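Worksheet: one structure, shown below.
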Amino acid sequence: MAAPILAYENLGVIQGSGWLFRGLDIHVGPRDRLALIGRNGAGKTTLMKLLGNKIDSDEGRRTIVPGTRVILLEQEPAMTGCTTLADYVLGGDDAPLQYEAE
Numbered sequence: 000m001a002a003p004i005l006a007y008e009n010l011g012v013i014q015g016s017g018w019l020f021r022g023l024d025i026h027v028g029p030r031d032r033l034a035l036i037g038r039n040g041a042g043k044t045t046l047m048k049l050l051g052n053k054i055d056s057d058e059g060r061r062t063i064v065p066g067t068r069v070i071l072l073e074q075e076p077a078m079t080g081c082t083t084l085a086d087y088v089l090g091g092d093d094a095p096l097q098y099e100a101e
């Protein structure tokens, strides 16, 4: 098993008056593929924002291999001016270089 490129240990997030999740460990390897499935309000979007470093956790430790980028795509992107999803992704601020996207 390869070392993780992104890891959270003992992750916890408070939302409202209590913990949304707590004590969560996540390890993402270099060739891993992820699927995130859950009911509404379970914390899927919050978890994705944490993985993308858009928000901070209330507890836990994040480790990421230098040079690793996590890019999030909105659930319902405003694709104005883009004819395909590839055009939209390649046109963003965090867009990968053309050879990375192919």
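Per the working numbering, the sequence shown runs over residues 0 to 101.
Cβ coordinates follow ideal geometry from the N, Cα and C atoms, glycine included.
Model, not experiment: these values are computed from the prediction.
Coil, strand or helix - L5 by DSSP: Look at L5 here: in three-state DSSP terms it is strand.
Reduced DSSP secondary structure (H/G/I, E/B, other) of D24: strand
Of the listed residues R60, A41 and K48, nearest to L71 (C-alpha basis): K48
Boundaries (first-last residue) of the beta strand (DSSP E) holding T62: Note, T62: beta strand (DSSP E), E58 to I63.
Enclosing alpha helix (DSSP H) for L84 [first to last residue]: L84 to L89
Residue(s) in a DSSP beta bridge with I13: W18
Span separating the alpha-carbon of P29 from that of L35: 18 Å
Same chain only: Cβ atoms within 7 Å of C81, ignoring 5 sequence neighbours per side: Residues Y87 and G90 of the same chain have their beta carbon placed closer than 7 Å to that of C81, with the five preceding and five following residues left out of the count.
Any chain C beta carbon closer than 9 Å to D55: Chain labels in this structure do not include chain C; a single protein chain is all it has.
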